[in-house]
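The structure under discussion appears below in the form of structure tokens.
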Amino acid sequence: MDRFYGSAAVPKRRVHFHSFFRRLHADAHALGSIDLAIDAALGDVRLLCFDEFHLHDVGDAMLVARLLKVLFTRGITLVATSNYPPDGLLPNPLFHHLFAPAIAVLKQNLTVVRVAGPVDYRTVATADAGFASGRFVRVSETEPPALCERVALTVGTRTVTAAAVRDRTVWFEFAVLCGTPTAPADYLELSERFGCWVITGVPRLREAGAETVRRFANVVDVLYDRGTALTLVADASRDDVFAGLDGTLDFDRLVSRLSTLSR
Numbered sequence: 153m154d155r156f157y158g159s160a161a162v163p164k165r166r167v168h169f170h171s172f173f174r175r176l177h178a179d180a181h182a183l184g185s186i187d188l189a190i191d192a193a194l195g196d197v198r199l200l201c202f203d204e205f206h207l208h209d210v211g212d213a214m215l216v217a218r219l220l221k222v223l224f225t226r227g228i229t230l231v232a233t234s235n236y237p238p239d240g241l242l243p244n245p246l247f248h249h250l251f252a253p254a255i256a257v258l259k260q261n262l263t264v265v266r267v268a269g270p271v272d273y274r275t276v277a278t279a280d281a282g283f284a285s286g287r288f289v290r291v292s293e294t295e296p297p298a299l300c301e302r303v304a305l306t307v308g309t310r311t312v313t314a315a316a317v318r319d320r321t322v323w324f325e326f327a328v329l330c331g332t333p334t335a336p337a338d339y340l341e342l343s344e345r346f347g348c349w350v351i352t353g354v355p356r357l358r359e360a361g362a363e364t365v366r367r368f369a370n371v372v373d374v375l376y377d378r379g380t381a382l383t384l385v386a387d388a389s390r391d392d393v394f395a396g397l398d399g400t401l402d403f404d405r406l407v408s409r410l411s412t413l414s415r
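Going left to right, the sequence shown walks through residues 153 to 415 as my numbering numbers them.
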């Protein structure tokens, strides 16, 4: 995607899923119209590139359906990478049928290419900067922040408690960040304020519950896309943290991204 986007000599835009839809939701609210928000997001682009296209939220799915209609009506080229084939988008059986017409539009207008090489190139990323400069460490190798360092961070209209803030580094307890109703928009806002994250108390994910794992995957998505250094602190080994999650939603992408962290 990097080389393709860099060589495309047309008005273009490249976006990551979470940041794009946070802006789209905000503009739709501010402008009072989804169509006006889409117009503002697209501008005069002739090429839109999506990194890591995925859908789990029915509200986002309805926005995507409107976006696709505008893109293809205007003849805008869409190029997207995804861990899912079109039929795997919005997989929740309670809502999947609502997105079926948009899936048909995708399949009618796009060529789907399965890329399944033997090497996951995330696992050979250099670890000298960005997300891959983070670490996966055991509890015994670190000293947790003192209780007196706790601080309430305002995020939108609510607060999220950080275990500590030291300059541009923020500490969160896993149970606070992922075990409560936080959202990708919260992680995006916090990632703009802190360039290095430490998440302590990472459990064996098979014991954490599906929604908690989903939030954790969203945190990792946001930090990976922004190139934010992430250190995870767990009592169990890395393999034990992930054991038993095979087949879980977004599991492959989550493990692939976290495999870039040094031990």
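All residues carry an ideal CB built from backbone N, CA and C; glycine is no exception.
These figures come from a predicted structure and were not determined experimentally.
**Report entry** Option nearest lysine 221 by Cα separation, candidates Pro237, Glu204, Leu194, Leu413
**Finding:** Leu194
**Report entry** Separation of phenylalanine 169 from phenylalanine 205, as counted between CA atoms
**Finding:** 6 Å
Query raised in the report: For isoleucine 351, which residues does DSSP report across the bridge?
Result: Phe324, Leu384
Query raised in the report: For the region 164-228, which segments carrying the alpha helix (DSSP H) assignment without a break, of at least 4 residues, lie completely within its bounds, in sequence order?
Result: The qualifying runs are 169-183, 186-194, 210-226.
**Report entry** Cβ contact check for the region 355-373 and the region 322-330: 3 or more pairs under 8 Å
**Finding:** yes
Query raised in the report: Where does the unbroken alpha helix (DSSP H) through phenylalanine 288 begin, and where does it stop?
Result: No alpha helix (DSSP H) holds phenylalanine 288; the beta strand (DSSP E) holding it covers 287-290.
**Report entry** Length of the line joining the Cα atoms of proline 237 and arginine 378
**Finding:** 24 Å
Query raised in the report: Would you say the region 176-183 touches the region 370-389, given that touching needs at least three Cβ pairs under 8 Å?
Result: no
Query raised in the report: Quick one: what's got a C-beta closer than 6 Å to alanine 232's C-beta in the same chain, skipping five residues either side?
Result: Phe202, Phe205
Query - Cβ-based neighbour list, alanine 381, same chain, cut-off 6 Å, excluding 5 preceding and 5 following - result: Ser285, Gly286, Cys348
Requested in this report: Could you tell me which residues DSSP puts in a beta bridge with valine 231?
Outcome: Cys201
Query raised in the report: Whole-angstrom Cβ separation of valine 307 and glutamate 344, contact assumed at under 8 Å?
Result: Their Cβ separation, rounded to whole angstroms, is 11 Å, which puts valine 307 and glutamate 344 out of contact at 8 Å.
Query - Closest by C-alpha distance to valine 393, when choosing among Leu413, Glu359, Asp404, Glu363 - result: Glu359
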